[in-house]
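J.: One structure is given below, represented as structure tokens, and several questions about it will come after.
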Amino acid sequence: MGIKDSFMAANLATKLVFFIILLANVVNWIAFCTTSWHVSFFNYTGLWRYNTSPLDGTPDDEYIAIQAFSIFGFISLNVGFGLIVLYMFWGSCKGNSETNLAAAITLFVSAGSWLIAVAIFGAKFEGTERFGYSFALAVCALILALIGGIILIIGGRGNSSVSSK
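What follows is the structure in structure tokens.
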């Protein structure tokens, strides 16, 4: 069975989650890597850079927590997408309820981690200038991960029509 056949054999909820989490993963990468979390007149602040200065090793505990939870959110969303791909296409994982549950759990971990990172960042820069597109994309990633996890739990099962030859 090829990729096209595996995709066509998956149920509608799984196909929907695949595209939602694919979009979430693109948004996740952009939010994690860009420097527009907070934008002021002359400054751009991201997770890892402030203008042209690196922020790694910053002694600010709040910023360290933001970076840590962002890493957890970033990694778990990537792992969740990988598990969805396994659930749809890989022989022994295809239609496996344990793979489905693992994907849903990692998506919930991602959403929770991004939520904590965004909340701490929002509290840190409260009322000053404006939040940039990277911050908004992180919020989008957490919402999409949450939606994907819920759809996987509710309707992701039922790939039993897929045979594992």
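My numbering numbers the first residue of the sequence shown as 4 and each following residue consecutively. Think of the CB as a built atom: it goes at the ideal place given N, C-alpha and C, for glycine as much as any other residue.
Can you tell which of F124, F111, W117 has its C-alpha closest to the C-alpha of G152?
T.: For the purposes of this step, residue 152 is taken as the residue at position 149 of the sequence shown. Comparing Cα positions, the closest option is F111.
J.: Can you tell me the Cα-Cα spacing of F84 and K18, whole angstroms?
T.: Counting from 1 along the sequence shown, the entry for residue 84 is found at position 81. Counting from 1 along the sequence shown, the entry for residue 18 is found at position 15. Going from the Cα of F84 to the Cα of K18 covers about 12 Å.
J.: Return the first residue and the last residue of the alpha helix (DSSP H) that G125 is part of.
T.: Here residue 125 refers to the residue found at position 122 when the sequence shown is read from its first residue. Here the alpha helix (DSSP H) through G125 covers 100-127.
J.: Compute the Euclidean distance between the alpha carbons of S113 and I119, then round it to the nearest angstrom.
T.: On the sequence shown, residue 113 is found 110 positions in, with the first residue counted as 1. On the sequence shown, residue 119 is found 116 positions in, with the first residue counted as 1. Cα-Cα distance, rounded: 10 Å.
J.: Give every residue of the same chain whose Cβ lies closer than 7 Å to the Cβ of V142, excluding the five residues on either side of it in the sequence, and list them in chain order.
T.: Indexing the sequence shown from 1 puts residue 142 at position 139. Contacts found: V121.
J.: Helix, strand or coil for T48? Go by DSSP, reduced to three states.
T.: Here residue 48 refers to the residue found at position 45 when the sequence shown is read from its first residue. Strand.
J.: For Q70 and L50, I'd like the C-alpha separation in whole angstroms.
T.: Working through the sequence shown from its first residue, we reach residue 70 at position 67. Working through the sequence shown from its first residue, we reach residue 50 at position 47. Approximately 6 Å between the Cα atoms of the pair.
J.: Counting C-beta neighbours from all protein chains within 10 Å, is the total for L20 16 or more, i.e. buried, or is it exposed?
T.: On the sequence shown, position 17 is the one that residue 20 refers to. Checking the displayed sequence, the identity of residue 20 turns out to be Val instead of Leu. Answer is buried; the Cβ neighbour count reaches 16.
J.: Which first and last residues belong to the alpha helix (DSSP H) in which T17 is found?
T.: For the purposes of this step, residue 17 is identified with residue 14 of the sequence shown, where counting begins at 1. Per DSSP, T17 belongs to the alpha helix (DSSP H) from 15-36.
J.: Note down, in chain order, each residue of its chain lying with its Cβ closer than 7 Å to the Cβ of E65, except the 5 sequence neighbours on either side.
T.: By one-based count along the sequence shown, residue 65 stands at place 62. The answer, listed in chain order, is I123, K127.
J.: Between the stretch 133-140 and the stretch 33-53, are three or more C-beta pairs nearer than 8 Å?
T.: Touching, per the Cβ criterion.
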